[in-house]
Amino acid sequence: MGEHSKHIIKLMVTACAVTMFFSCKSNFEDVKKIGVSENEPIGVAEHINLKYTDSGRVTANLLSPKMLDYSNREFAFNEFPNGITLYLFDEQDQKSTVLADYAIVYDKTGLIDMQGNVVLASATKDTLYADQLFYDQKKEWLFTNQKVTFKTGRDRINGTGFDSDVKFKQAQVLEIDGIITLDE
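Residue numbering for the sequence shown follows the working numbering, beginning at 152 and increasing consecutively.
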């Protein structure tokens, strides 16, 4: 074999190797997804006890019999199909309690969407009844645009929409349909 032939073979082998090297791509993400449908949770947990803190202070404690983890989605969330109990704590550690039949916690926004027979009992003995209630963990704010009944003191307020801080110092029904004042 001549020197020229050896040089051509080396060039061909090098060209093939370089072509193969650059044509391969990382399939690691695809391999991780094998066997996991994006419509299915990536994990299931039971007897959940999640604590949310801010500067070392517990601001909320979420309890649930079951959690479905959908962190494999582009907009990650955790679903609580069997309901939740959510304890909210203000700066003086006064506790309000929220019960709901179903909830979703959205990781990116910090919102908790509670649905179905939502009952909120505040530390000040006020009570809110709603079909849906949101809790913004970052702002420590509760709100809904659904129908509500809010018991505060001797008043029972029916209406649509509700806004409140976790201390219930700024609690208000947004569109009042009626107020019933109960006798003592």
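Backbone N, C-alpha and C fix where the C-beta goes; we use that ideal spot for every residue, glycine too. No experiment lies behind these values; they were computed from the predicted model shown.
Check your understanding: Which residue's Cα is closest to the Cα of T295: L239, Q243, K289, L271?
Key -> By one-based count along the sequence shown, residue 295 stands at place 144. Nearest of L239, Q243, K289, L271 to T295, Cα basis: L271.
Review point. Span of the beta strand (DSSP E) holding N296?
Key: Your numbering for residue 296 matches position 145 in the sequence shown. Where N296 is concerned, the enclosing beta strand (DSSP E) stretches over 292-303.
Review point. Where does K320 fall in DSSP's three states?
Key: Stepping through the sequence shown from its first residue, residue 320 is reached at position 169. In the structure shown, K320 sits in coil (DSSP, three-state: anything other than H, G, I, E or B).
Review point. Residue range of the beta strand (DSSP E) that I193 falls in?
Key: Along the sequence shown, one-based indexing puts residue 193 at 42. Taken as a continuous stretch (DSSP letters only), I193 belongs to no beta strand (DSSP E), as it is neither H nor E.
Exercise for review: Within the same chain, show all residues whose beta-carbon is closer than 8 Å to that of W292, passing over the 5 residues directly before and after it, in chain order.
Suggested key: Mapped onto the sequence shown, residue 292 falls at position 141. Only Y286, D314, S315, D316, V317 meet the Cβ criterion.
Check your understanding: DSSP puts S315 in a beta bridge; with which residues?
Key -> Counted from its first residue, the sequence shown places residue 315 at position 164. DSSP lists L293 as partners of S315.
Review point. Skipping 5 residues on each side, what residues in its chain have a beta carbon closer than 8 Å to that of Q288?
Key: Stepping through the sequence shown from its first residue, residue 288 is reached at position 137. Excluding residues within five positions, the ones whose Cβ falls inside 8 Å are Y203, T210, A211, G261, L262, I263.
Review point. Where does Q283 sit, in a helix, a strand or coil, going by DSSP?
Key: Within the sequence shown, numbered from 1, the residue matching residue 283 stands at position 132. It is a strand residue.
**Study point:** Given D306 as reference, the closest of G267, A227, D334 once Cα atoms are compared
**Key:** The residue given as residue 306 occupies position 155 in the sequence shown. That would be D334, whose Cα lies nearest to the Cα of D306.
Check your understanding: Which runs of the beta strand (DSSP E) spanning at least 3 residues fall entirely within the region 216-286, listed in chain order?
Key -> 228-231, 235-240, 246-251, 253-257, 262-272
Check your understanding: For N229, which option in V299, R208, V195, G304 has the closest C-alpha, if you only look at C-alpha atoms?
Key -> To locate residue 229, count along the sequence shown from 1; it is residue 78. Ranking the options by Cα distance to N229, first place goes to V195.
**Study point:** Rounded separation between K298 and Y280 - CA only
**Key:** The count along the sequence shown starts at 1 and reaches residue 298 at position 147. The count along the sequence shown starts at 1 and reaches residue 280 at position 129. Taking the straight line joining both Cα atoms gives about 9 Å.
Exercise for review: Consult DSSP for D339 and reduce its assignment to one of helix, strand or coil.
Suggested key: This structure leaves residue 339 out entirely; the chain is present only between 152 and 335.
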